[in-house]
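Below is one structure, written out as structure tokens, with a few remarks after it.
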Amino acid sequence: MSDRPLDQIKRDTLRAERAAHLRKQNLVGADPIDALDNVGIGRAYHHDGPYDATLFQRNKDKRYAPVEAVRESNAEALKATPREHIQDSLTKHVPLTGTADFAPGQDDINGRRLSYEEGSDLMRDPDAPGGPYSRYEGIVSYESDPMRRIQDSCLPSGIKSAYEPALT
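Using the working numbering, you'd call the opening residue of the sequence shown number 14 and step up by one each time.
What follows is the structure in structure tokens.
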């Protein structure tokens, strides 16, 4: 302990104010869903949602920002979208539509050529990075077994097939 306790308190206070987890600006405010939940701990409990990755608080440091992880694919999506759809999305606050309506190298409605790189279909490609989606070695998939589809189409609606997960 210092012989000057006031200096020690000042130093500790400055250090605490620098700590990122203690700043109020890093706290995510309550949205309408959070306001409905009465947890009784003094303030609204924040439920994480799909759009939380876009919040300013989550994207301060580029090394850990979720939006930085999809920067290249977002840039390609914007290249594949006609300019009018992007303007509508920004000015009218509507979801972005018209992405990849035209094949790479084709002209859009106004005659502008869209040049973008079309990515692979990660849901269906067998050589997708990380392996194809929901495909496991030794298990026959529903799409590759036409007899299974015929059998399932003949089942009464209340009976579940082996490929349909049970809801418990």
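Beta carbons are placed, not taken as given, at the ideal position from N, Cα and C, and that holds for glycine.
Q. What is the DSSP secondary structure of ARG125, reduced to helix, strand or coil?
A. Three-state result, ARG125: coil.
Q: Would you mind sorting THR94 into buried or exposed? The rule is 16 or more other CB atoms within 10 Å of its CB.
A: Buried.
Q: Check whether the Cβ atoms of HIS98 and GLY118 lie closer than 7 Å to each other.
A: Taking 7 Å as the Cβ cut-off, HIS98 and GLY118 do not qualify as a contacting pair.
Q.
Our contact map puts LYS92 next to LEU127 with C-beta atoms below 8 Å; I'd like the distance itself, whole angstroms only.
A. The beta-carbon separation of LYS92 and LEU127, rounded to 7 Å, stays under the 8 Å limit for a contact.
Q: Would you kindly check if the distance between the Cβ of ALA88 and the Cβ of PRO79 is under 7 Å?
A: No, the Cβ-Cβ distance between PRO79 and ALA88 is not below 7 Å.
Q: Give me the Cα-Cα distance between GLY132 and ASP101, rounded to the nearest whole angstrom.
A: The C-alpha of GLY132 lies about 25 Å from the C-alpha of ASP101.
**Q.** Delimiting residues of the alpha helix (DSSP H) encompassing ASN87
**A.** 84-92 is the extent of the alpha helix (DSSP H) around ASN87.
Q) Which residues share a DSSP beta bridge with ASP120? A) For ASP120, the pairing in a beta bridge is given by DSSP as ARG126.
Q.
So for THR104, helix, strand or coil by DSSP?
A. Three-state result, THR104: helix.
Q) Using DSSP with H/G/I as helix, E/B as strand and the rest coil, what is HIS98? A) Residue state, collapsed to three classes: helix.
Q: Express the C-alpha separation of PRO63 and ASP50 in angstroms, rounding to a whole number.
A: Distance between the alpha carbons of ASP50 and PRO63 is about 18 Å.
Q. Measuring CB to CB, does ILE46 end up less than 7 Å from HIS60?
A. Annotated as proximal: ILE46 and HIS60, with beta-carbon spacing under 7 Å.
Q: State the start and end residues of the unbroken alpha helix (DSSP H) segment that holds LYS23.
A: Its alpha helix (DSSP H) spans residues 18-31.
Q.
Between the alpha carbons of LEU19 and THR26, how many angstroms are there, rounded?
A. For LEU19 and THR26, the distance between alpha carbons rounds to 11 Å.
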